[in-house]
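2 protein chains.
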Amino acid sequence: MTTPPGSATSLLSAVEAALRAFFESRRPLTEAVGGTFPDATAALEAFVLRGGKRIRPAFAWTGWLGAGGDPSGPDADAVLRACSALELVQACALVHDDIIDSSATRRGFPTLHVEFAHRHTVGGWAGESAKFGESVAILLGDLALAWADDMVRESGVDAAAHARIAPVWSAMRTEVLGGQYLDVSTEVTGDESVAAALRINRYKTAAYTIERPLHLGAALAGADDALISAYREFGTDIGIAFQLQDDLLGVFGDPAVTGKPSGDDLREGKRTVLFAEALARADASDPGTADFLRRGIGADLTDEQVHRMRQVITDLGAVDAVQSRIDELTTAGLRALDASTASESAKDELRAMAVAVGRRSA
Amino acid sequence: MTTPPGSATSLLSAVEAALRAFFESRRPLTEAVGGTFPDATAALEAFVLRGGKRIRPAFAWTGWLGAGGDPSGPDADAVLRACSALELVQACALVHDDIIDSSATRRGFPTLHVEFAHRHTVGGWAGESAKFGESVAILLGDLALAWADDMVRESGVDAAAHARIAPVWSAMRTEVLGGQYLDVSTEVTGDESVAAALRINRYKTAAYTIERPLHLGAALAGADDALISAYREFGTDIGIAFQLQDDLLGVFGDPAVTGKPSGDDLREGKRTVLFAEALARADASDPGTADFLRRGIGADLTDEQVHRMRQVITDLGAVDAVQSRIDELTTAGLRALDASTASESAKDELRAMAVAVGRRSA
């Protein structure tokens, strides 16, 4: 079937091949339903195939290798398929998030709801284009979520492995949806605490992106509790650090590198740990500055205003605080990994992934 | 655990008890995520528990009984849980459909997106109430879909039964999402054919409501191919008849009985088989009448205009045609059931359910 991946590049291709084969396997079903349904699912397939760094499958696969999985053994293809299914959960999360955030582009292409709104406009169809686009994107996101389950169920891993991964798979999906809900909810209720921001960070990002994928890989390999704990500690710490780094980039990142407008998170009103840190410090020391931050967040800021908010956030020490937290988490995460019984080559790989996360500028 | 149901009323209570226990089982996970997430999932639980006739679990359970399932045997509780999980797929379908259709009420209560929009307004939170309501409802619908899988997976049916139901479960979800997509799509593209309307009817309703639930029940019992074919034939025919009856009610139903405004489907612009039949007949015989129907469908009609459209649809023979189709399908479906090896008591039950479907006035 697929060639077991030996490097990051070949892992990317192997994941893509597994996804492509899965979409192919759905064709009899979508063609039986008929009409324009196969065209719509082709748009979902294109979305999934053009996307991303496959970070979740990479952590799951590496977790499996580190727990003794044999990339040239008889289970490798099935495990790869189970790990690749994470990309379909992610497709649902992205497609639905893009509706929620009213995002126009994703991965350099129109988001799915915008693409279908465009088809509606071009076709001169009845009703509202935006409404049509969102309706189709809701349904295609649902389909991606249903198909993620199908892909795991049909991956070919044995019954014992299925039993081991079931609670991980279940927890992961509830956690990411919980994290997304809290994100949406905190933004409107105006919970400004560092604790609330950290909770969202933990469940929307850390658990979903690193901790649970690693856990899934370990469970696929039948790892013992000690290794699973170590992976989860590493995954939680590095995952939170990953999001904190993302928060810094969202305010201070170079638009030429991040591909997003400068200070995007400030304009969008994202309630990040970085912003919560700044606000807590301002509240404690300087009410005027706190007012300035509260008036600015989520406003239609000029570049000059973004520049001033950045300066204030930095001067309050929030950037240093977040940077220290990233460093501490990275150290703690790496320590847990080092002390674990994961294979040396997997440790090397995971260390490299963790450092890449901490140092990335985009 | 639950008492095996012996009648329709006790089946309703048993399904509800199974759903209640499942929601209870999610609590550790939702509480671990924390914040207001448990409150949000409580709203989903209330939505699921206050609802409906549990028609899908009823067909699945009766299909299992008819294929030899023993309601006082050791598998009964597990099977009941697997059948009850259909209500969580249905919760996703309803919650997302209500967003798509911009529906304000469901089962006499505000729809989930309206309920959360209301919380937003009452709380005086930031941003747009409607947008917040829809965002939360998208996420809670996703959660219902993910939990449907969890409920089946954790139902306790044995590995062989899981293997038998997997393709049925998979097909059912793809079919209903495909049917919903075609419904949304046909409404805007203006495909007026009877074939398009029948295709939506088949996948959005018949397969999802009767055929696949029966198939699921049969697969749980390990039924042979002949019984599965008979069930599917019965389910498809009766399911299509069910939707055709619904189409008649949507135009001719008594508001006091249906709980919907008179002629609701005409005002909403639903492209039903009934309307497609009327239009095809008008196109063949009387272009002026066809114009009248095309101008009226989806328009903001007065009661007088609804009355006139009804008259025209009836005079064209479309009501008789649909009624004949319902009668033929019911006869064919019942014939397939009669000839099957299903138990006599299940046949009686399924016959009663089919006739109830054909004769209902609400």
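If you read the protein sequences in the order shown, they are chains U and P.
Number 858 in our numbering belongs to position 317 of the first sequence; there are no gaps in the numbering.
Number 581 in our numbering belongs to position 40 of the second sequence; there are no gaps in the numbering.
Positions of the beta carbon are idealized from the N, C-alpha and C atoms, including for glycine.
Here the structure is a predicted model, which means the values were calculated and not measured.
Q: Measure the C-alpha to C-alpha separation of H654/U and G664/U and round it to an integer number of angstroms.
A: Computed Cα separation, rounded: 15 Å.
(Q) Here's the rule I'm using: 16 or more other beta-carbon atoms within 10 Å means buried, otherwise exposed. How should T871/P be labelled? (A) Result: buried.
Q.
Does chain P have any CB closer than 8 Å to the CB of C633/U?
A. So yes, C633/U belongs to the interface.
Q. Is there contact here, the segment 674-683 of chain P with the segment 633-647 of chain P, by at least three beta-carbon pairs under 8 Å?
A. In this structure the segment 674-683 of chain P lies against the segment 633-647 of chain P, because at least three pairs of beta carbons, one per stretch, are closer than 8 Å.
Q. For the segment 695-724 of chain U, which residues have a CB atom closer than 8 Å to at least one CB atom of chain P, in sequence order?
A. Taking 8 Å as the Cβ-Cβ cut-off against chain P, the residues of the segment 695-724 of chain U that qualify are E695, A700, A707, S711, A712, R714, T715, E716, L718, G719, G720, Q721, Y722, L723.
Q: For R506/P, collect the residues of the same chain with a Cβ closer than 8 Å to its Cβ; drop the 5 residues on either side in sequence, then sort them by chain order.
A: Outside the modelled stretch of chain P, which goes from 542 to 903, sits residue 506/P, for which no answer is possible.
Q: With a threshold of 16 other CB atoms inside 10 Å of the CB of P754/P, please say whether the residue is buried or exposed.
A: It counts as buried.
**Q.** T730/P (DSSP reduced to helix, strand or coil)
**A.** T730/P falls in the helix class under three-state DSSP.
Q. Which class does P615/P belong to by DSSP, given the choice of helix, strand or coil?
A. In this structure, P615/P counts as coil in the three-state DSSP scheme.
Q) Is the Cβ-Cβ distance between A887/P and A771/P less than 8 Å? A) Result no, Cβ atoms of A887/P and A771/P do not sit closer than 8 Å.
**Q.** is_contact[G731/U, chain P] using C-beta, thresh 8 Å
**A.** Answer yes: the Cβ-Cβ gap between G731/U and chain P drops below 8 Å somewhere.
Q | Length of the line joining the Cα atoms of P802/P and P796/P | A | One Cα belongs to P802/P, the other to P796/P, and the distance between them is close to 5 Å.
Q. When the Cα of V717/P is compared with those of A573/U, A831/U, A893/U, which residue comes out closest?
A. Minimum Cα distance to V717/P is reached at A573/U.
Q | Exposure of K594/U, with buried meaning 16 or more beta-carbon neighbours within 10 Å | A | K594/U is exposed by the Cβ-count criterion.
**Q.** the segment 607-626 of chain P contacting the segment 576-593 of chain P, beta-carbon criterion three pairs below 8 Å
**A.** Contact between the segment 607-626 of chain P and the segment 576-593 of chain P is absent: fewer than three C-beta pairs spanning the two stretches fall below 8 Å.
Q: Tell me where the alpha helix (DSSP H) around A738/P begins and ends.
A: A738/P: member of the alpha helix (DSSP H) spanning 735-741, first to last residue.
Q | Anticipated Cβ contact below 8 Å, K745/U with D724/U, distance rounded | A | Between K745/U and D724/U, the beta carbon gap of about 6 Å places them in contact (Cβ cut-off 8 Å).
Q: Could you tell me whether the Cβ of A587/P comes closer than 8 Å to any Cβ of chain U?
A: No - not a single Cβ of chain U is within 8 Å of the one on A587/P.
Q.
Comparing C-alpha positions only, which one of F650/P, A825/P, G674/P sits nearest to H661/P?
A. Closest option to H661/P, Cα to Cα, is G674/P.
Q) With contact counted as at least three CB pairs below 8 Å, one residue from each stretch, are the segment 853-869 of chain P and the segment 815-828 of chain P in contact? A) Of all C-beta pairs linking the segment 853-869 of chain P to the segment 815-828 of chain P, three or more are shorter than 8 Å, placing the two stretches in contact.
**Q.** Three-state class that DSSP yields for R835/P in the structure shown
**A.** DSSP, reduced to helix, strand and coil, places R835/P within a helical segment of the structure shown.
Q. CB-CB under 6 Å to I640/U, same chain, minus the five flanking residues each way: which ones, in chain order?
A. Cβ within range, chain order: H654, E675, A678.
Q: Answer with yes or no whether the minimum CB distance from S726/U to chain P is below 8 Å.
A: Output row for S726/U: interface = yes.
Q. Who are the neighbours of D841/U on chain P, taking C-beta pairs under 9 Å?
A. Contact note: D841/U does not reach chain P at a C-beta cutoff of 9 Å; the least C-beta distance is about 14 Å.
Q | C-alpha distance - G829/U paired with L552/U, whole-angstrom precision | A | Cα-Cα distance, rounded: 52 Å.
Q) From R705/U, A897/U, E669/U, pick the residue whose C-alpha is nearest to that of V729/P; which is it? A) Nearest Cα to V729/P within the set R705/U, A897/U, E669/U: E669/U.
Q) Nearest to L875/P by alpha carbon, out of G763/P, V860/P, V896/P, A748/P? A) Here the closest residue by C-alpha is V896/P.
Q) Looking at the structure shown, is R647/U part of a helix, part of a strand, or coil, going by DSSP? A) The answer is strand: DSSP assigns R647/U an E or B state.
Q.
So, at 6 Å on beta carbons, what are the nonlocal neighbours of G810/U in its own chain, with the 5 sequence-adjacent residues on each side left out?
A. Taken in chain order, the residues that qualify are I838, G839.
Q) Hey, out of D889/P, V630/P, I769/P, whose CA is closest to D691/P's CA? A) Selected option, being the one with the closest Cα: V630/P.
Q. Got a sec, what are the start and stop residues for the alpha helix (DSSP H) Y744/U sits in?
A. Neither: Y744/U is in no alpha helix (DSSP H) and is coded neither H nor E.
Q.
Assuming P598/P is part of the alpha helix (DSSP H), what are its boundary residues?
A. Where P598/P is concerned, the enclosing alpha helix (DSSP H) stretches over 596-607.
Q) With a CB to CB cut of under 6 Å and the five nearest residues on each side skipped, what residues in its chain are close to D824/P? A) Result list for D824/P: A831, in chain order.
(Q) For Y722/U, which residues in the same chain have their Cβ closer than 6 Å to its Cβ, ignoring the five residues on either side in sequence? (A) There are no such residues.
Q: Put V814/P into one of helix, strand or coil per three-state DSSP.
A: Shown here, V814/P sits in a helix according to DSSP, grouped into three states.
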